[in-house]
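Asks: To start, I am sharing the structure in question, which I have written as structure tokens.
There are 2 protein chains.
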Amino acid sequence: MAANATDTPTAQLIFRDELVNAGILARSAVDGLYHRSRTFENIVRGVEAAASAAGEGRAEPMLYFPPLMPRSVFELTDYLRSFPDLIGSVDTFVGSDRDHAALLQVADEGGDWTQALTPSEVVLCSAACHPLYPSLTGVMPTGGRTFELQGYCFRHEPSVDPARMQSFRQYEYVYVGEPDGATEHRDSWLDRGQDLLGSLKLPVDRVIANDPFFGRVGRMLAANQKETALKFEIVCPITSDQSPTAIASANCHLDHFGRPFSITTSDGEPAHSACIGFGLERIALALLKTHGLNPDRWPSGVRSRLWP
Amino acid sequence: MAANATDTPTAQLIFRDELVNAGILARSAVDGLYHRSRTFENIVRGVEAAASAAGEGRAEPMLYFPPLMPRSVFELTDYLRSFPDLIGSVDTFVGSDRDHAALLQVADEGGDWTQALTPSEVVLCSAACHPLYPSLTGVMPTGGRTFELQGYCFRHEPSVDPARMQSFRQYEYVYVGEPDGATEHRDSWLDRGQDLLGSLKLPVDRVIANDPFFGRVGRMLAANQKETALKFEIVCPITSDQSPTAIASANCHLDHFGRPFSITTSDGEPAHSACIGFGLERIALALLKTHGLNPDRWPSGVRSRLWP
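Okay, here's the thing in structure tokens:
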């Protein structure tokens with residue numbers, strides 16, 4: 000999800016303080032990393048249940064992914080090319096007793112002990128649907144397949160905005176198959192997603208959007224993505240009416256995943272894919288902003304939708 | 000939790016295959032990293048609910064931690080000294096367009112592109128209770144405080160054993176206060192934990208244990224920990240009757256956290272702490288092993304305990 004053009008740090012700090020004072024989130028030593036209360040987690044689980052109900056009968060059995068994914072899979076997604084500043088690569092220690100003693104000496108002297116580490120075979124999950132694709136290598140049936148999944152994602156973008164967490168969950172519906180099927184999935188789920196979020200009485204809107212591609216080349220990629228209307232966001236005011244926050248996004252990936260993961264349609268072409276991702280923490284925050292910090296007092300129609 | 004003295008890889012592979020064939024877990028390209036089905040996640044959530052009920056009225060409001068924690072907090076836990084081989088340090092990219100181009104060239108040539116990364120301000124969570132301690136710096140009330148919390152932990156120990164995941168959740172009750180209070184917490188929760196797991200009809204046992212301290216010095220630390228009976232595990236056969244798996248563990252930390260995080264008792268001494276941690280994925284696997292791969296057919300007393 001793209002950074003807002005006009006961030007409003009004062010409003011962000013005020014809302015963050017309100018959440019902390021109400022005991023809904025607690026800050027850690029790092030911006031964008033929070034301890035969450037049961038109240039917050041219950042809202043997240045309610046949104047999960049509502050997202051699940053909205054897709055009832057429309058996808059294969061749900062998958063839950065862990066917060067990590069294989070490095071080999073990450074490398075095939077090409078995420079490193081587009082979003083290097085957001086990644087989280089995991090290092091560990093594989094040395095001897097002697098190496099360990101040297102590492103500790105560096106650490107004790109306040110030095111950079113991570114120099115002694117080695118890249119592990121895992122990285123932090125970059126997007127909830129990335130771990131799915133390697134399991135699909137091969138030929139898709141005619142009409143494609145639709146998946147429902149959820150997982151923790153990482154974005155290295157420390158911010159005072161409570162809606163810009165470094166560690167957060169996406170709930171996704173993903174289609175893999177023919178190009179037409181991908182577009183149809185994206186468009187029908189935009190409608191369905193907007194209905195779902197509207198039924199939670201959130202003042203949502205739909206906008207053409209672009210991903211926060213890195214650097215000079217990235218600016219061209221972003222402009223191109225916007226021109227070709229591949230990505231839409233469902234936005235809702237959280238800390239700014241002028242710059243509402245993306246709480247869901249729906250994208251056509253073209254053959255961006257089909258090609259590297261060798262997924263083809265029945266006629267042998269690289270499969271296309273598309274997904275809608277609901278940002279569970281952001282929807283929870285939008286609900287708290289819109290309906291107030293005490294879920295017991297939310298409109299009964301919203302409560303019954305979240306906690307049937 | 001310590002590695003078993005006699006691992007039984009054949010039985011582990013067989014059980015892993017059974018779980019995969021039943022659609023309960025799906026393998027990824029990395030050992031110890033699984034996609035989880037709704038069946039598996041529902042069991043985990045049932046165990047969460049049972050662990051919560053067992054501590055009803057005994058702790059402050061529940062906290063949920065994200066899979067990451069501040070590096071500054073990790074450094075104070077001294078985990079790097081004891082378990083360097085298990086850690087996950089998170090690197091990211093903070094360079095320029097030119098640096099990025101160089102990184103991509105290395106990646107495209109199959110080289111180690113992680114050399115161009117920089118340590119971020121976060122690491123993977125080493126134990127569920129670690130993020131708690133910095134919030135307690137100061138003086139504890141007489142009698143101490145008890146916390147209930149949950150979070151994803153990382154251990155770099157790739158294994159074919161489905162019960163040795165790299166990414167898993169711990170549900171903990173943590174005490175911080177006087178030394179006597181810490182011992183009492185550990186002992187009473189060992190009883191309560193054994194009752195809870197027994198009520199799920201798991202054939203559990205209680206054993207004195209040690210953490211898997213690293214290297215030569217670690218062997219002495221482990222022997223000392225066992226001699227002084229600081230750590231107990233509640234174990235249950237999963238892939239071996241001879242080497243049952245730890246599915247919960249309860250430890251006295253002495254002042255291991257009180258001292259570095261400057262937490263004191265009311266008389267100014269470094270606070271002691273103790274915790275019980277329930278391994279949610281391991282308990283789920285113990286249930287699947289003991290009662291079969293179809294939770295619909297589990298004993299009704301077990302089902303009503305998990306899904307009241």
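Protein sequence lines correspond, in order, to chains A and B. Each residue of the first sequence is one higher than the one before, starting from 0 at the first, in numbering that gives the first Met the number 0. Each residue of the second sequence is one higher than the one before, starting from 0 at the first, in numbering that gives the first Met the number 0. Glycine residues also receive a C-beta, built at the ideal position from the N, C-alpha and C atoms. Since this is a predicted model, take the numbers as computed values, not measurements.
1) I'd like to know whether the C-beta of Val159 (chain B) is nearer than 9 Å to at least one C-beta of chain A.
2) Rounded to whole angstroms, what is the Cα-Cα separation between Ala126 (chain B) and Ala58 (chain B)?
3) Tell me the rounded alpha-carbon separation between Ser81 (chain A) and Tyr174 (chain A).
4) Quickly, what does DSSP pair Phe146 (chain A) with across the bridge? List them, please.
5) Applying a beta-carbon distance threshold of less than 9 Å, which residues of chain A neighbour Ala101 (chain B)?
6) Strictly by DSSP, which residues pair up with Asn250 (chain B)?
7) Please name the residue or residues paired with Thr244 (chain B) in a DSSP beta bridge.
8) Drop a sphere of 10 angstroms on the beta-carbon of Thr238 (chain A), count the other beta-carbons inside from all chains shown, and report buried for 16 or more, exposed for fewer.
9) Please determine whether the Cβ atom of Thr38 (chain B) lies at a distance below 8 Å from any heavy atom of the ligand ADP.
10) Give me, in chain order, the residues of the same chain whose beta-carbon lies closer than 6 Å to that of Pro259 (chain A); leave out the 5 immediate sequence neighbours on both sides.
11) At the level of alpha carbons, what is the spacing between Tyr172 (chain A) and Phe146 (chain A)?
12) Strictly below 8 Å CB to CB, what residues from chain A border Ser88 (chain B)?
13) In or out: Gly300 (chain A) buried (at least 16 other Cβ within 10 Å) or exposed?
14) Can you tell me whether Asp16 (chain A) is buried or exposed, with buried defined as 16 or more other CB within 10 angstroms of its CB?
15) Compile a chain-ordered list of the residues in the segment 205-237 of chain A whose CB is closer than 7 Å to at least one CB of chain B.
16) Whose C-alpha, out of A:Pro65, A:Ile42 and A:Gly94, is nearest the C-alpha of Phe213 (chain B)?
17) Could you tell me which uninterrupted beta strand (DSSP E) segments, each at least 3 residues in length, are contained entirely in the segment 164-229 of chain B, listed from first to last along the chain?
18) For the structure I just gave you, are there three or more beta carbon pairs, one from the segment 139-158 of chain A and one from the segment 112-130 of chain A, closer than 8 Å?
19) For Phe153 (chain A), which beta-bridge partners are listed by DSSP?
20) Determine the direct distance from the alpha carbon of Ala249 (chain B) to that of Gly142 (chain B), and round the result to whole angstroms.
21) Specify the secondary structure class of Glu268 (chain B) as computed by DSSP and reduced to three states.
22) Identify the residues that DSSP records as bridge partners of Thr38 (chain B): which are they?
23) Counting only the same chain and skipping the five closest in sequence on each side, list residues whose C-beta sits under 6 Å from that of Thr264 (chain A).
24) Please classify Ser198 (chain B) as buried or exposed, where buried requires at least 16 other C-beta atoms within 10 Å of its C-beta.
25) Report buried or exposed for Arg185 (chain A), applying the criterion of at least 16 other Cβ atoms within 10 angstroms of its Cβ.
26) Could you compute how far the alpha carbon of Phe231 (chain A) sits from the alpha carbon of Ser51 (chain A)?
27) Where does Pro118 (chain A) fall in DSSP's three states?
28) For Phe256 (chain B), would you say it is in contact with chain A, using Cβ-to-Cβ distances shorter than 9 Å as the test?
29) Looking only at DSSP bridge pairs, what is Gly137 (chain B) linked to?
30) Suppose the cutoff is 6 Å on Cβ atoms and the five residues either side in sequence are ignored; what does the same chain contact list for Ala247 (chain B) look like?
31) Rounded to the nearest angstrom, what separates Pro236 (chain A) and Leu220 (chain A) at their Cα positions?
32) Any beta-carbon of chain B closer than 9 Å to the one on Met139 (chain A)?
33) To the nearest whole angstrom, what separates the beta carbons of Leu195 (chain B) and Ala283 (chain B), a pair I think is in contact under 8 Å?
34) Kindly list the residues whose CB is nearer than 6 Å to the CB of Pro66 (chain A), restricted to its own chain and excluding five residues on each side of it in sequence; keep chain order.
35) Mind listing the chain B neighbours of Pro133 (chain A)? Cutoff is C-beta to C-beta under 7 Å, in chain order.
36) For Asp90 (chain A), name the three-state secondary structure that DSSP assigns.
Replies: On the basis of the data shown:
1) Translated into positions along the second sequence, residue 159 (chain B) becomes position 160. Residue-level contact check: Val159 (chain B) does not touch chain A, since none of the beta carbons of chain A fall below 9 Å from its beta carbon.
2) For the purposes of this step, residue 126 (chain B) is identified with residue 127 of the second sequence, where counting begins at 1. For the purposes of this step, residue 58 (chain B) is identified with residue 59 of the second sequence, where counting begins at 1. Computed Cα separation, rounded: 19 Å.
3) As a first step, residue 81 (chain A) is located in the first sequence; it is residue number 82 there, counting from the start. As a first step, residue 174 (chain A) is located in the first sequence; it is residue number 175 there, counting from the start. Taking the Cα positions, Ser81 (chain A) is about 22 Å away from Tyr174 (chain A).
4) Stepping through the first sequence from its first residue, residue 146 (chain A) is reached at position 147. In the DSSP output, where bridge partners are listed per residue, Phe146 (chain A) has A:Val173.
5) As a first step, residue 101 (chain B) must be located in the second sequence, where it is residue number 102. Under the 9 Å cutoff, chain A gives no residues; its nearest Cβ is about 11 Å from Ala101 (chain B).
6) Translated into the one-based positions of the second sequence, residue 250 (chain B) becomes position 251. Partner(s): B:Lys230 and B:Cys274.
7) Within the second sequence, numbered from 1, the residue matching residue 244 (chain B) stands at position 245. Note: Thr244 (chain B) sits in a beta bridge opposite B:Cys235.
8) For the purposes of this step, residue 238 (chain A) is identified with residue 239 of the first sequence, where counting begins at 1. Buried, by the Cβ-count rule.
9) Ligands in the displayed structure: none, and consequently the ligand ADP is not present.
10) Counting from one through the first sequence, the residue named residue 259 (chain A) turns up at place 260. Only Leu75 meet the Cβ criterion.
11) The residue labelled residue 172 (chain A) in the question sits at position 173 within the first sequence. The residue labelled residue 146 (chain A) in the question sits at position 147 within the first sequence. Spanning the alpha carbons of Tyr172 (chain A) and Phe146 (chain A) requires a straight line of approximately 6 Å.
12) If you number the second sequence from 1, residue 88 (chain B) lands on position 89. Result: Val89, Asp90, Thr91, Thr113 and Leu116.
13) Position 301 of the first sequence, counting from 1, holds the residue named residue 300 (chain A). Counting C-beta atoms within 10 angstroms of its own C-beta, Gly300 (chain A) has fewer than 16 neighbours from the protein chains shown and is therefore classed as exposed.
14) Start at 1 with the first residue of the first sequence, and residue 16 (chain A) comes out as number 17. Of the other Cβ atoms in all chains shown, fewer than 16 fall within 10 Å of the Cβ of Asp16 (chain A); this residue is therefore exposed.
15) Hits within the stretch, in order: Phe213, Gly214 and Arg215.
16) Sequence index remark: in the second sequence, residue 213 (chain B) carries index 214 (1-based). Among A:Pro65, A:Ile42 and A:Gly94, the Cα nearest to that of Phe213 (chain B) belongs to A:Gly94.
17) Uninterrupted beta strand (DSSP E) stretches at least 3 residues long and entirely within the segment 164-229 of chain B occur at 166-176 and 204-208, given in chain order.
18) Result yes; three or more Cβ-Cβ pairs closer than 8 Å.
19) As a working mapping, residue 153 (chain A) is identified with position 154 in the first sequence. Paired residue(s): A:Ser166.
20) In the second sequence, the residue the question calls residue 142 (chain B) occupies position 143. In the second sequence, the residue the question calls residue 249 (chain B) occupies position 250. Counting only the Cα atoms, Ala249 (chain B) lies some 19 Å from Gly142 (chain B).
21) On the second sequence, residue 268 (chain B) is found 269 positions in, with the first residue counted as 1. In the structure shown, Glu268 (chain B) falls within a coil segment according to DSSP collapsed to helix, strand and coil.
22) Residue mapping note: residue 38 (chain B) aligns to position 39 of the second sequence, counting from 1. DSSP output for Thr38 (chain B) lists no bridge partner at all.
23) Your numbering for residue 264 (chain A) matches position 265 in the first sequence. In the same chain as Thr264 (chain A), and ignoring 5 residues on each side of it, the C-beta atoms closer than 6 Å to its own belong to Met139, Glu177 and Ala270, in chain order.
24) Taking the first residue of the second sequence as position 1, residue 198 (chain B) is located at position 199. Exposed, since its Cβ has fewer than 16 Cβ neighbours within 10 Å.
25) Here residue 185 (chain A) is taken as the residue at index 186 of the first sequence, counted from 1. With 16 or more Cβ atoms within 10 Å of its Cβ, Arg185 (chain A) is classed as buried.
26) Within the first sequence, residue 231 (chain A) is the residue found at index 232, counting from 1. Within the first sequence, residue 51 (chain A) is the residue found at index 52, counting from 1. Going by the C-alpha atoms only, they are around 21 Å apart.
27) Along the first sequence, one-based indexing puts residue 118 (chain A) at 119. If DSSP states are grouped into helix, strand and coil, Pro118 (chain A) belongs with the strands.
28) The residue you call residue 256 (chain B) lines up with position 257 of the second sequence. At a cut-off of 9 Å between beta-carbon atoms, Phe256 (chain B) makes no contact with chain A.
29) For the purposes of this step, residue 137 (chain B) is taken as residue 138 along the second sequence, with counting starting at 1. Partner(s): B:Ile262.
30) Against the second sequence, residue 247 (chain B) aligns to sequence position 248. So the qualifying residues of the chain are Gly192, Ile233 and Phe277.
31) As a working mapping, residue 236 (chain A) is identified with position 237 in the first sequence. As a working mapping, residue 220 (chain A) is identified with position 221 in the first sequence. The alpha-carbon atoms of Pro236 (chain A) and Leu220 (chain A) are separated by roughly 27 Å.
32) Counted from its first residue, the first sequence places residue 139 (chain A) at position 140. Met139 (chain A) is outside the set of residues whose beta carbon lies under 9 Å from a beta carbon in chain B.
33) By 1-based counting over the second sequence, the position of residue 195 (chain B) is 196. By 1-based counting over the second sequence, the position of residue 283 (chain B) is 284. About 14 Å separates the two Cβ atoms, so there is no contact after all.
34) Here residue 66 (chain A) refers to the residue found at position 67 when the first sequence is read from its first residue. Counting only Cβ-Cβ distances below 6 Å, and skipping sequence neighbours, we find Cys124 and Tyr151.
35) Translated into positions along the first sequence, residue 133 (chain A) becomes position 134. By Cβ distance, chain B contributes Ala28.
36) Numbered from its first residue, the first sequence carries residue 90 (chain A) at position 91. Asp90 (chain A) falls in the strand class under three-state DSSP.
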